[in-house]
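Step one of this worksheet: look at the structure below.
Number of protein chains: 2
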Amino acid sequence: MEYSSKLLENAVYEMSQLPGIGKRTALRLVLHLLKQPEERTAFLAGSLMKLREEINFCSSCHNISDTALCEICANPKRDESLVCVVEDIRDVMAIENTSQYQGLYHVLGGKISPMEGVGPQDLNIVSLVTKVKMGKVKELIFALSSTMEGDTTNFYIYKQLEGTDITTSTIARGISVGDELEYADEVTLGRSILNRVPFESSIKAN
Amino acid sequence: MEYSSKLLENAVYEMSQLPGIGKRTALRLVLHLLKQPEERTAFLAGSLMKLREEINFCSSCHNISDTALCEICANPKRDESLVCVVEDIRDVMAIENTSQYQGLYHVLGGKISPMEGVGPQDLNIVSLVTKVKMGKVKELIFALSSTMEGDTTNFYIYKQLEGTDITTSTIARGISVGDELEYADEVTLGRSILNRVPFESSIKAN
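Top to bottom, those sequences are chains A and B. One point on numbering: in full-length UniProt numbering, the residue at position 135 of the first sequence is 135, and numbering is uninterrupted. One point on numbering: in full-length UniProt numbering, the residue at position 91 of the second sequence is 91, and numbering is uninterrupted.
This is the structure:
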């Protein structure tokens with residue numbers, strides 16, 4: 001595509017560097033900003049820069065936070081003997097939305113993935129091991145996605161914790177609530193039978 | 001959704017104001033920027049602000065341009081007796097890509113749309129009429145989309161030009177090159193028969 005203006009071309013190029021945004025969408029977004037009052041662009045650019053420059057991660061769980069210790073870690077009502085290991089902040093938000101969990105989190109910042117060049121040293125694993133060895137944590141819940149990368153990461157952390165007396169668990173894999181059995185894949189259905197739970201406890205959960 | 005940081009919430013909110021970008025996509029884009037080096041955010045924010053602040057429209061055709069007169073209007077090889085009326089800069093780019101048109105353009109900046117509160121005074125119509133009345137333009141080609149708004153805009157401009165001896169035309173509506181007749185809608189197929197062209201001219205076009 002030929003642009004009539006170098007300024008426009010630059011803006012479209014930068015916008016199209018975002019994931020899932022191609023050149024055409026980028027042009028549409030940029031032209032939309034041009035039709036809006038100038039403040040809109042200033043607010044967008046300003047809020048992105050402010051976030052990038054002043055971003056702060058919780059010193060304990062590595063969640064994004066405006067304070068040194070995030071609201072969850074600083075909350076005395078939370079059970080600090082329980083730590084849920086997640087990939088990124090979106091997972092924290094998803095679990096918080098369920099209102100079912102009262103423990104703390106530990107945000108790894110990714111998964112071990114040799115294909116994408118992400119090794120254990122790129123993730124917040126050392127601080128997790130240190131936290132566990134300090135002895136306050138009784139149980140670690142692995143809540144990574146059940147892909148090869150997720151399983152590898154779980155296993156790597158599990159190995160690092162050998163010799164400690166911590167309990168480890170993973171979130172249950174099974175049929176989604178409301179799903180039909182006939183449409184479930186074999187692996188999930190198989191796991192849901194192997195990991196069946198006493199009927200009494202399923203009544204309590206509802 | 002509850003965000004763990006006010007800065008993050010602001011950035012996601014501003015991002016989600018863009019058309020077609022919801023809260024979840026906005027969060028994904030913002031987290032992507034956080035994983036990238038700080039320059040990426042600076043480049044994006046900077047290029048958007050620079051475009052918005054230094055944006056300049058061609059004084060003749062209202063296309064976005066870095067110079068007072070855009071490259072197309074300033075090109076002496078272009079036929080200035082022919083003006084193609086389009087809605088926005090994307091249409092100019094689309095027509096330029098065909099390499100079939102050697103005239104000039106006039107960018108209206110939208111279509112008359114009472115539903116969206118866009119009247120003739122919001123578009124670059126006065127300058128078009130003035131340009132035509134100066135006498136250099138011999139033919140006006142309407143290339144707006146064939147919607148009710150597009151037809152209304154065409155007709156409004158046509159009425160404004162009453163009394164001048166200008167020729168007006170619209171781009172041909174018909175079956176796309178390579179399309180099967182059986183899948184074409186009735187209106188398009190009907191128009192393509194009414195506006196049939198001599199076979200000899202269709203041979204020349206290929």
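Ideal placement from N, C-alpha and C gives every residue a C-beta, glycine not left out.
Cα-Cα separation between residue i and residue j, rounded to whole angstroms
i, j, result
"A:Tyr183", "B:Ile95", "48 Å"
"A:Val187", "A:Leu123", "29 Å"
"A:Glu139", "A:Thr167", "5 Å"
"A:Thr98", "A:Thr25", "34 Å"
"B:Leu44", "B:Gly110", "27 Å"
"A:Ile193", "B:Ser5", "40 Å"
"B:Glu54", "B:Leu18", "21 Å"
"B:Arg173", "B:Val197", "12 Å"
"B:Lys77", "B:Lys159", "31 Å"
"A:Leu48", "A:Gln36", "18 Å"
"B:Gly117", "A:Ile141", "55 Å"
"B:Ser202", "B:Ile89", "29 Å"
"B:Leu69", "B:Gly20", "33 Å"
"B:Asn195", "B:Asp185", "16 Å"
"A:Phe199", "A:Leu33", "56 Å"
"A:Asn75", "A:Tyr3", "53 Å"
"A:Gly178", "A:Gln100", "19 Å"
Beta-carbon neighbours of residue i, restricted to chain A and to distances below 7 Å
i, result
"B:His32", "Leu18, Pro19"
"B:Thr41", "Leu48, Met49, Arg52"
Reference residue i; option with closest CA among the options
i, options, result
"B:Leu27", "B:Lys159, B:Val12, B:Lys6", "B:Val12"
"B:Met15", "A:Pro37, A:Glu9, A:Thr41, A:Ser16", "A:Thr41"
"B:Leu51", "A:Glu38, A:Arg52, A:Ile112", "A:Glu38"
"A:Val83", "A:Asn63, A:Tyr105, A:Asp91, A:Gln100", "A:Tyr105"
"residue 273 of chain B", "B:Ser4, B:Arg191, B:Ser47, B:Leu44", "In this structure chain B extends from 1 to 206, so residue 273 of chain B is not present and cannot be described."
"B:Asn10", "B:Leu194, B:Leu69, B:Val30", "B:Val30"
"A:Thr130", "A:Leu161, A:Gly174, A:Ser202", "A:Leu161"
"B:Ile157", "B:Gln121, B:Gly178, B:Val177", "B:Gln121"
"A:Met115", "A:Leu8, A:Met148, A:Val126", "A:Met148"
"A:Leu7", "B:Asn195, B:Gly46, B:Asn75", "B:Gly46"
"A:Gln102", "A:Glu71, A:Glu200, A:Leu128", "A:Glu71"
"B:Phe155", "B:Asp179, B:Ile125, B:Val177, B:Gly178", "B:Ile125"
Residue i: contacting residues in chain A (beta-carbon distance under 9 Å)
i, result
"B:Lys138", "None at all; the shortest Cβ gap to chain A is about 24 Å."
"B:Ile64", "Tyr3, Ser4, Ser5, Leu7, Leu8, Leu31, Leu34"
"B:Leu27", "Ile89, Arg90, Met93"
"B:Glu14", "Arg40, Phe43, Leu44, Ala45, Gly46, Ser47, Leu48"
Neighbourhood of residue i by C-beta distance below 7 Å, restricted to the same chain and skipping five residues each side
i, result
"residue 221 of chain B", "With chain B covering 1 to 206 only, the question about residue 221 of chain B has no answer from this structure."
"A:Cys73", "Cys58, Ser60, Cys61, Leu104"
"A:Val92", "Asn63, Val86, Tyr105, Val107"
"A:Lys133", "Thr164"
"A:Asn56", "Ser65, Asp66"
Own chain residues within Cβ distance below 8 Å of residue i, not counting five before or after
i, result
"A:Phe119", "The sequence given here has Gly at residue 119 of chain A, not Phe. Correct list, in chain order: Ile112."
"B:Leu181", "Ile175, Leu189"
Amino acids of chain B, ordered along the chain, whose beta-carbon sits closer than 8 Å to that of residue i
i, result
"A:Ala172", "Result: empty, since nearest Cβ-Cβ is about 24 Å, beyond 8 Å."
"A:Asp88", "Leu31"
"A:Glu96", "Glu2"
"A:Cys70", "Ser4"
Close Cβ partners of residue i (< 6 Å) along its chain, the five nearest in sequence each way excluded
i, result
"A:Ala143", "Cys84, Val86, Ile171"
"B:Thr152", "Ile112"
"B:Gly150", "Lys111, Leu144"
Neighbouring residues, chain B, relative to residue i (Cβ below 7 Å)
i, result
"A:Glu54", "Leu7"
8 Å Cβ cut-off: residues of chain A touching residue i
i, result
"B:Cys73", "Residues of chain A passing the Cβ test: none, with the nearest at roughly 10 Å."
"B:Glu38", "Arg52, Glu53"
"B:Ala11", "Ser47, Leu48, Lys50, Leu51"
Cβ-heavy atom distance, residue i to the ligand ATP, below 8 Å
i, result
"B:Ile112", "Absence of the ligand ATP is noted for the structure shown, with no ligands found whatsoever."
Practice item. Kindly provide the ranges of any beta strand (DSSP E) runs that are 3 or more residues long and lie completely inside the region 151-198 of chain A, ordered along the chain. Key: 167-170
Exercise for review: Just list the beta strand (DSSP E) runs in the region 72-100 of chain A, keeping only unbroken ones of 3 residues or longer that don't cross its boundaries, in chain order.
Suggested key: 79-86
Review point. At which residue ranges does the region 34-59 of chain B contain complete alpha helix (DSSP H) runs of 4 or more residues, listed in the order of the chain?
Key: 38-54
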